[in-house]
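Novice:
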Amino acid sequence: MAAEEKDILKEFTGQEYKEGFVTQVEQDYIPKGLNEQIIRMISEKKGEPQWLLDFRLDAFGKWQKMRQPDWAHLHLPQIDYQDIIYYAAPKKNSQRPTEIDPALEETFEKLGIPVKERKALAGVVAVDAVFDSVSVATTFRETLSKQGIIFCSFSEAVKDHPDLVRKYLSSVVPSGDNYFAALNSAVFSDGSFCYIPKGVHCPMDLSSYFRINASGTGQFERTLIVAEEGATLSYMEGCTAPMRDENQLHAAVVEIVVGKDADVKYSTVQNWYPGDANGRGGILNLVTKRGICKGEGAHLSWTQVETGSAVTWKYPSTILKGDYSSSEFYSVAVTNNYQQADTGTKMIHLGKGTKSRIVSKGISAGKSENSYRGLVRINPGAEGARNYSQCDSLLIGSQCGAHTFPVIRSSCPDAIVEHEATTSKISEDQLFYCTQRGIAQEEAVGLIVNGYAREVLSRLPMEFAVEAQKLLSVSLEGSVG
Amino acid sequence: MKHLYLIGRDEIPSDIVLTSQEEHQLILLALPGVSADVPVNIRLAGEGAVIDVFGLYLNFGKERVSFRVNLRHESGHCRSRQLFKGIVGAEAQVEFDGLIYVAKGAQKTSAFQENHSILLSDRALVQTRPQLEIYADDVECSHGATIGKLSEDELFYMRSRGIPEKEARALQMRSFISAVVERIEDEQIRQMIYDKLSQCQA
Numbered sequence: 000m001a002a003e004e005k006d007i008l009k010e011f012t013g014q015e016y017k018e019g020f021v022t023q024v025e026q027d028y029i030p031k032g033l034n035e036q037i038i039r040m041i042s043e044k045k046g047e048p049q050w051l052l053d054f055r056l057d058a059f060g061k062w063q064k065m066r067q068p069d070w071a072h073l074h075l076p077q078i079d080y081q082d083i084i085y086y087a088a089p090k091k092n093s094q095r096p097t098e099i100d101p102a103l104e105e106t107f108e109k110l111g112i113p114v115k116e117r118k119a120l121a122g123v124v125a126v127d128a129v130f131d132s133v134s135v136a137t138t139f140r141e142t143l144s145k146q147g148i149i150f151c152s153f154s155e156a157v158k159d160h161p162d163l164v165r166k167y168l169s170s171v172v173p174s175g176d177n178y179f180a181a182l183n184s185a186v187f188s189d190g191s192f193c194y195i196p197k198g199v200h201c202p203m204d205l206s207s208y209f210r211i212n213a214s215g216t217g218q219f220e221r222t223l224i225v226a227e228e229g230a231t232l233s234y235m236e237g238c239t240a241p242m243r244d245e246n247q248l249h250a251a252v253v254e255i256v257v258g259k260d261a262d263v264k265y266s267t268v269q270n271w272y273p274g275d276a277n278g279r280g281g282i283l284n285l286v287t288k289r290g291i292c293k294g295e296g297a298h299l300s301w302t303q304v305e306t307g308s309a310v311t312w313k314y315p316s317t318i319l320k321g322d323y324s325s326s327e328f329y330s331v332a333v334t335n336n337y338q339q340a341d342t343g344t345k346m347i348h349l350g351k352g353t354k355s356r357i358v359s360k361g362i363s364a365g366k367s368e369n370s371y372r373g374l375v376r377i378n379p380g381a382e383g384a385r386n387y388s389q390c391d392s393l394l395i396g397s398q399c400g401a402h403t404f405p406v407i408r409s410s411c412p413d414a415i416v417e418h419e420a421t422t423s424k425i426s427e428d429q430l431f432y433c434t435q436r437g438i439a440q441e442e443a444v445g446l447i448v449n450g451y452a453r454e455v456l457s458r459l460p461m462e463f464a465v466e467a468q469k470l471l472s473v474s475l476e477g478s479v480g
Numbered sequence: 000m001k002h003l004y005l006i007g008r009d010e011i012p013s014d015i016v017l018t019s020q021e022e023h024q025l026i027l028l029a030l031p032g033v034s035a036d037v038p039v040n041i042r043l044a045g046e047g048a049v050i051d052v053f054g055l056y057l058n059f060g061k062e063r064v065s066f067r068v069n070l071r072h073e074s075g076h077c078r079s080r081q082l083f084k085g086i087v088g089a090e091a092q093v094e095f096d097g098l099i100y101v102a103k104g105a106q107k108t109s110a111f112q113e114n115h116s117i118l119l120s121d122r123a124l125v126q127t128r129p130q131l132e133i134y135a136d137d138v139e140c141s142h143g144a145t146i147g148k149l150s151e152d153e154l155f156y157m158r159s160r161g162i163p164e165k166e167a168r169a170l171q172m173r174s175f176i177s178a179v180v181e182r183i184e185d186e187q188i189r190q191m192i193y194d195k196l197s198q199c200q201a
């Protein structure tokens, strides 16, 4: 009996961060540091056209004039931008350029990401897998291209569809938008590109999977999604990294353009390495995500489950430009140990009858800090605009912090904006009810937290929902008692 | 202790400290024609202190009013409640910046904050920042904020019963601010508020 108990315990504690392994694969690096030379080198390695190099250099110029923002409720460790390797790619076996390196394939298999098209999974989900600075595989491209859907790595898109990339790149997040977006615009390496033509319903979920492997590097991916009039798309994003004592930088930019009556659903399960129990190491996740509902009746939905990263600085936003367009933001952010999260959304209402809904659930445990920061802005002329925001925070333990910093700005007399927020701990009654029925305290907390986050979790696509539920309970392990 | 401050007439204490078991009520009124920046710092320094803060703003001109409430729960078992309501029209700009801060160890805190505004014109602006910064776990804290308009359904209800539009709107506004006005004991001031409200109609 005792031995069995030990096994269970071992299994439980061993779960901590199961994606923390390192893949031994020969890598191609460029020297450390950040300057014009490095940017030219990245651009050359990727065989980019002149306009993209100019775009990078322009962004670099803007970045040099900017200061790292300090308004977030975060203690960001000093980042030495000259001490980062901005490009790392697994060396390709030139004899077999069409094959994926078996070591990489194994890595992604281990993470549960199918990089080879499998019959059993056919028609379920197409994946673009990004390993450090390059995309190593994109599945189901053939099937998708029959319907005119373009789904490939960003680098390929630059080569094969330069007009589309040029038209939409930085149309939602300008290169000088903020410090980290400017940095990304200067040094971005790879990411996913997705284009859904007019009236096409994407037959399967598309997914990007990001993996940081190399040490001393940063990941700067760029994702661009365009859904033309009447198109629909469900997009998923996942991320993991090895366990290391150093902080690694991840500064991504995601841009989404949603056309008239198009519908895009963007889901993220963020599980970067959060650092150890003493707050050493972990990913600094500083990303800019923004979408624009360009046409009438466009719809964009953000769903995020944030359990990883030492520091999260992330505000997926929507510009509601088209009349009667709508957007939603559903978020669960869990922080434990010394993790810090400052996350939320911005909803900018420009068009008539635009609607937005924000549901944010924060859970803090250990010695972590978890903040919701958001903006709802109603411009004059956004007649009949409507927003509803709900931000709840759950505190587990007396050493953590939970904060809410919303801004609501309205200058439209015909709009209605509502915001409410609550902060509390897990109710003793609920805990007692569970433990009294023989459910262990830790399990009971997991149960209650899952119930608390249900409204958001139920919005996730099936594959993600299961993973997210597991992640929630793993992230909170050791936070009770 | 109950205090009523008319912004522009009275000097408003910017720092208020409550010791153990002290109870305090504060009413802040910003009536038409007054522009002001109102910082209010409240510290609940002793256990079991209770504070109620009520605010009302009626601005129908070019006023600039900003309330900056910094309410700090530094001890356990304290209670705080804030209710700010207002009607903003023409080119007025009102900003509400309210922070509830709960220090580490201030357990059994109960804090509640509400801010509701009615916007009458598209040249007016209301910005509200209700904030919670919480470092203790055994607490009950919440805030709510809305910016909206007078309900069309209510208006229709009254008009279908023969109440003229102007009168109906005045009634709606009166009822909207009543939660604050009913806290005012001074009959004269209450009358003054209703007079100002009817002026905005003209």
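As you go down the protein sequences, you meet chains A and B in turn. Residue 300 in numbering that gives the first Met the number 0 is what sits at position 301 of the first sequence, and the numbering runs on without skipping anything. Residue 196 in numbering that gives the first Met the number 0 is what sits at position 197 of the second sequence, and the numbering runs on without skipping anything. Ideal Cβ positions, reconstructed from N, Cα and C, are used throughout, including at glycine.
Helix, strand or coil for A/Y16, going by three-state DSSP, please let me know.
Specialist: In this structure, A/Y16 counts as coil in the three-state DSSP scheme.
Novice: Look up A/T142 in the DSSP assignment and say whether it is helix, strand or coil.
Specialist: Three-state DSSP puts A/T142 in a helix.
Novice: Applying a beta-carbon distance threshold of less than 7 Å, which residues of chain B neighbour A/S367?
Specialist: What A/S367 touches in chain B: nothing, since even the nearest Cβ is about 12 Å away.
Novice: Which residues of chain B have a Cβ atom closer than 8 Å to the Cβ of A/G396, listed in chain order?
Specialist: D136, listed in chain order.
Novice: So is B/Y156 buried or exposed if we call it buried at 16+ other beta carbons inside 10 Å?
Specialist: Exposed: under 16 other Cβ atoms inside 10 Å.
Novice: Indicate the three-state DSSP secondary structure (helix, strand or coil) for A/S154 in the structure shown.
Specialist: Helix, per DSSP.
Novice: Would you tell me roughly how many angstroms separate the C-alpha atoms of A/S244 and A/W70, rounded to the nearest one?
Specialist: For the sequence presented, residue 244 of chain A should be read as Asp rather than Ser. Roughly 26 Å between the two C-alpha positions.
Novice: Assign B/G32 to buried or exposed, taking buried as 16 or more other Cβ atoms, counted over all protein chains shown, within 10 Å of its Cβ.
Specialist: With fewer than 16 other Cβ atoms within 10 Å, it is exposed.
Novice: Taking only beta-carbon atoms, is B/T108 less than 7 Å away from chain A?
Specialist: It does not; no Cβ of chain A falls within 7 Å.
Novice: If the cut is a Cβ gap below 8 Å, which residues of chain A does B/C140 touch?
Specialist: The answer, in chain order, is T421, T422 and S423.
Novice: Just verifying my parser: in three-state terms, what is the DSSP assignment at A/G217?
Specialist: In the structure shown, A/G217 sits in coil (DSSP, three-state: anything other than H, G, I, E or B).
Novice: Would a C-beta distance cut-off of 7 Å place B/I15 and B/K84 closer than the cut-off?
Specialist: No; because the gap between Cβ atoms is not below 7 Å, this pair is not in contact.
Novice: So if I threshold CB-CB distances at 8 Å, which residues from the region 121–133 of chain B count as touching chain A?
Specialist: Listed by position along the chain: D121, R122, A123, L124, V125, Q126, T127, R128, P129, Q130, L131, E132 and I133.
Novice: Chain B partners of A/D413, CB-CB under 7 Å?
Specialist: What A/D413 touches in chain B: K148.
Novice: Exposed or buried, which one is A/W50 when buried takes at least 16 other CB atoms within 10 Å?
Specialist: Exposed, since its Cβ has fewer than 16 Cβ neighbours within 10 Å.
Novice: Give me the Cα-Cα distance between B/I183 and A/Y272, rounded to the nearest whole angstrom.
Specialist: So the alpha carbons of these two residues sit roughly 56 Å apart.
Novice: Ignoring anything shorter than 3 residues, give me the beta strand (DSSP E) runs that lie fully in the region 297–325 of chain A, in order along the chain.
Specialist: DSSP runs (the beta strand (DSSP E)) wholly in the region 297–325 of chain A: 298–305, 310–313 and 316–319.
Novice: Does DSSP put B/Y193 in a helix, a strand or coil?
Specialist: B/Y193 falls in the helix class under three-state DSSP.
Novice: Can you name the residues of chain A whose CB is closer than 8 Å to the CB of B/T145?
Specialist: Those within 8 Å of B/T145 in chain A are I415, V416, E417 and H418.
Novice: Let me know the secondary structure DSSP gives A/M235 once reduced to three states.
Specialist: A/M235 falls in the strand class under three-state DSSP.
Novice: Beta carbons nearer than 8 Å to chain A: which residues of the region 41–75 of chain B have them?
Specialist: Cβ contacts with chain A: none found.
Novice: What does B/V52 pair with, by DSSP beta-bridge criteria?
Specialist: B/L25 and B/Q81, per the DSSP bridge assignment.
Novice: If the cut is a Cβ gap below 9 Å, which residues of chain A does B/L119 touch?
Specialist: Near B/L119 (Cβ distances below 9 Å), the residues of chain A are P412.
Novice: Exposed or buried, A/I208, counting other C-beta atoms within 10 Å across all chains shown (16 or more means buried)?
Specialist: Before going on, a small fix: residue 208 of chain A reads as Tyr here, not Ile. A/Y208 is buried by the Cβ-count criterion.
Novice: Determine which residues share a DSSP beta bridge with B/V180 and list them.
Specialist: According to DSSP, B/V180 bridges with nothing at all.
Novice: If you draw a straight line from the C-alpha of A/R95 to the C-alpha of A/T344, how long is it?
Specialist: Any reading at A/R95 needs caution, since the residue's pLDDT is 38, under 50, leaving its predicted position unreliable; the model's value is listed next. In a straight line, the C-alpha of A/R95 is about 44 Å away from that of A/T344.
Novice: Please determine, among A/A401, A/G383, A/P315 and A/G437, the residue with the shortest C-alpha to C-alpha distance to A/V416.
Specialist: Minimum Cα distance to A/V416 is reached at A/G383.
Novice: Quick check on the DSSP output: the beta strand (DSSP E) that includes B/L118 runs from which residue to which?
Specialist: Segment T108 to L118, the beta strand (DSSP E) holding B/L118.
Novice: So, helix, strand or coil for A/C399, using DSSP?
Specialist: Coil.
Novice: Note down, one range per segment and in chain order, each beta strand (DSSP E) of at least 3 residues found wholly within the region 381–425 of chain A.
Specialist: Fully enclosed beta strand (DSSP E) runs of 3 or longer: 385–395, 400–409 and 415–424.
Novice: May I ask you to verify whether the region 404–415 of chain A touches the region 111–123 of chain B, counting CB pairs closer than 8 Å and requiring at least 3?
Specialist: Short answer: they touch.
Novice: With distance defined between alpha-carbon atoms, name the residue in A/Q218, A/G217 and A/T222 nearest to A/W192.
Specialist: Sequence check: residue 192 of chain A is Phe here, not Trp. Taking only the C-alpha atoms, the option nearest A/F192 is A/T222.
Novice: Could you tell me which residues DSSP puts in a beta bridge with A/H200?
Specialist: Paired residues: A/T231.
Novice: Taking DSSP as the reference, what is the three-state secondary structure of A/Q23?
Specialist: Coil.
Novice: Looking at chain A, is there any beta carbon in it that lies within less than 7 Å of the beta carbon of B/F155?
Specialist: No, B/F155 does not count as interfacial toward chain A.
Novice: So, helix, strand or coil for A/M242, using DSSP?
Specialist: The answer is coil: DSSP assigns A/M242 none of H, G, I, E or B.
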